[in-house]
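Notes follow the structure.
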Amino acid sequence: MSLAPDRIEPPQRILMGPGPSDVPASVLQAMAAPTIGHLDPYFLRIMDDLSAILRELFATSNALTLAISGTGSSGMETCFVNLLEPGDDVLVGINGVFGTRMKDVAERCGAQVTAADQDWGRAFDVEQFRSAAGDRRFKLVCVVHAETSTGVHQDLSGFRELADELGAFLLVDTVTSLGGLPVRVDEWGIDAIYSGTQKCLSCPPGLAPVSFSDRAVQCLTSRQTKVQSWYLDLNMISQYWGEDRVYHHTAPINMNYALHEAVRLILEEGLENRFARHARNSKALVAGLETMGLSMQVPLPERLPTLNAVRIPEGLDDATVRKQLLSDYGLEIGGGLGPLKGKIWRIGLMGASSTQRNVALCLTALQSALKSQGFTVNDDPIAAMKSVYEE
Ligand SMILES: *Cc1c(COP(=O)(O)O)cnc(C)c1O
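Residue numbers (the working numbering): 7 to 397.
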């Protein structure tokens with residue numbers, strides 16, 4: 007008997023959960039290209055290209071713009087460990103899982119964290135941050151642009167002014183917005199920003215694009231203490247991505263190929279076209295869900311197009327429905343987290359997953375799952391969906 011396990015043969019899925027999203031074939035093919043050295047002139051060119059394209063996606067001229075080797079959370083951690091020293095004061099907005107995670111990471115850096123709290127499923131008014139701050143000054147003001155755990159889109163207007171009043175850098179999580187809705191680093195005055203590859207960029211998980219303003223870079227070169235993480239120390243990583251090409255760690259070569267192809271596809275589609283596609287597909291999905299008699303968790307002006315949170319009707323079993331979607335349709339959607347567990351489904355329409363075909367499939371699959379659990383489903387969701395595409 008052989009001890010070797012079977013070859014991996016993952017099932018074909020349609021990924022409409024909170025991430026990962028569907029990965030285009032050409033991105034998977036890019037990952038299968040030959041692995042070369044991390045200092046090979048060809049690979050260095052790929053890195054330069056990536057920095058340039060990421061600047062375009064973030065709408066910034068920040069010199070320090072690169073992809074951290076690790077998932078979205080490593081991007082989060084990079085921002086905190088590089089900007090914080092023990093005892094620093096941090097103001098974090100918490101209205102979901104990812105604000106909560108930011109607080110945890112900041113505390114592990116030895117920072118004193120003050121939270122601005124908001125209900126899960128609602129966006130902040132900048133005044134809520136102001137009153138949580140009181141008359142104190144802060145090193146960092148942190149906010150999540152797209153809260154994947156609730157489907158909330160945070161309008162960032164007023165946050166630069168707030169950060170200036172508090173003497174703080176502005177740090178923003180754009181893991182579920184970059185590549186799906188506008189993110190404008192320079193215009194919005196963001197000092198540190200991170201994202202991840204497996205949400206709206208439609209690349210497998212494994213890299214975290216980050217960008218730091220020149221002011222933020224000055225802060226990290228004039229630290230009193232060493233960055234607590236050797237692996238995420240941008241003082242060293244930027245010497246590998248910059249002209250010196252000093253070895254720090256072996257870049258995950260093939261992952262960088264994949265991101266290169268994923269962002270190339272984004273520029274080929276055009277950012278504005280891509281944002282319009284995400285907005286239209288979300289609108290069509292919501293029209294279909296509401297026609298079926300379901301209601302959305304987040305009020306209209308605060309809704310994300312990339313993550314659609316819909317309330318689970320009273321008496322319906324969450325896990326049974328999601329299991330049925332997976333086994334009958336190969337369709338993955340997400341459940342709720344924290345206080346919203348069992349209360350909402352999270353339907354992702356991110357990157358390559360945001361298509362009319364997927365919207366139609368999801369509506370049909372949900373309709374059938376609800377019916378099979380004895381729920382009366384009103385009207386025809388597909389007709390409602392189509393009328394949005396005909397507008
Ligand atoms: C997914 C996500 C993260 C964490 O990214 P990982 O790739 O899971 O480490 C952070 N913030 C937000 C808003 C996310 O959606």
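Backbone N, C-alpha and C fix where the C-beta goes; we use that ideal spot for every residue, glycine too.
* Give the range of the beta strand (DSSP E) segment to which G354 is assigned. => Here residue 354 corresponds to residue number 348 of the sequence shown, with the count starting at 1. That run of the beta strand (DSSP E) goes 350-354.
* To do: Take every Cβ of the region 13-32, pair it with every Cβ of the region 245-256, and state whether three or more of those distances are shorter than 8 Å.
  => No, because fewer than three Cβ pairs between the region 13-32 and the region 245-256 fall closer than 8 Å, the two stretches do not touch.
* **Spatially closest choice to V216 from C206, R363, K232, V191, by CA coordinates** => Start at 1 with the first residue of the sequence shown, and residue 216 comes out as number 210. That would be V191, whose Cα lies nearest to the Cα of V216.
* Asked: How about V149: is its Cβ closer than 7 Å to a heavy atom in ligand 1?
  -> Locating residue 149 in the sequence shown gives position 143, counting from the first residue. No; taking the cut-off as 7 Å, the Cβ of V149 has no heavy atom of ligand 1 nearer than that.
* Among K347, L89, L187, Q373, which one has its Cα closest to the Cα of G294? -> Counting from one through the sequence shown, the residue named residue 294 turns up at place 288. For G294, the nearest C-alpha among the options comes from Q373.
* To do: Alpha carbon to alpha carbon, how far is T312 from M53? Give it in angstroms, no decimals.
  => The residue given as residue 53 occupies position 47 in the sequence shown. The residue given as residue 312 occupies position 306 in the sequence shown. Spanning the two alpha carbons is a distance of roughly 28 Å.
* Asked: Roughly how many angstroms separate the alpha carbons of E15 and V111, rounded to a whole number?
  -> For this step, residue 15 is matched to residue 9 along the sequence shown. For this step, residue 111 is matched to residue 105 along the sequence shown. About 36 Å.
* First through last residue of the beta strand (DSSP E) which encompasses C148 -> Working through the sequence shown from its first residue, we reach residue 148 at position 142. It spans 146-150 - the beta strand (DSSP E) in which C148 sits, taken as one unbroken run.
* In this structure, what does DSSP give as the bridge partners for E91? -> In the sequence shown, the residue the question calls residue 91 occupies position 85. Answer is none; E91 lacks a bridge partner.
* To do: Report yes if the CB atom of I353 is closer than 8 Å to the CB atom of N314, and no otherwise.
  => In the sequence shown, residue 353 corresponds to position 347, counting from 1. In the sequence shown, residue 314 corresponds to position 308, counting from 1. Going by C-beta atoms, I353 is nearer than 8 Å to N314.
* Asked: Any chance the CB of Q204 is under 7 Å from a heavy atom of ligand 3?
  -> This structure does not include ligand 3; its bound ligands are ligand 1.
* For H255, name the three-state secondary structure that DSSP assigns. => The residue you call residue 255 lines up with position 249 of the sequence shown. It is coil, neither helix nor strand.
* Asked: What residue from L90, A65, S75 has the CA that sits closest to Q224's CA?
  -> As a working note, residue 224 is residue 218 in the sequence shown. Closest by alpha carbon: L90.
* Asked: Taking all protein chains shown into account, do 16 or more other C-beta atoms lie within 10 angstroms of the C-beta of T405, making it buried, or fewer, making it exposed?
  -> Any question about residue 405 goes unanswered here, given that the chain covers just 7 to 397.
* **Backbone secondary structure at T297 - three-state DSSP** => Start at 1 with the first residue of the sequence shown, and residue 297 comes out as number 291. In this structure, T297 counts as helix in the three-state DSSP scheme.
* Taking 7 Å as the cut-off, is the CB of P215 close to at least one heavy atom of ligand 1? -> For the purposes of this step, residue 215 is taken as residue 209 along the sequence shown, with counting starting at 1. P215 Cβ: outside cutoff for every heavy atom of ligand 1.
* Within 7 Å: the Cβ of D179 and any heavy atom of ligand 1? -> Here residue 179 refers to the residue found at position 173 when the sequence shown is read from its first residue. For D179, the CB falls within less than 7 Å of some heavy atom of ligand 1.
* At least three beta-carbon pairs within less than 8 Å, the region 72-81 to the region 203-217 -> Cβ pair count under 8 Å is three or more, so yes.
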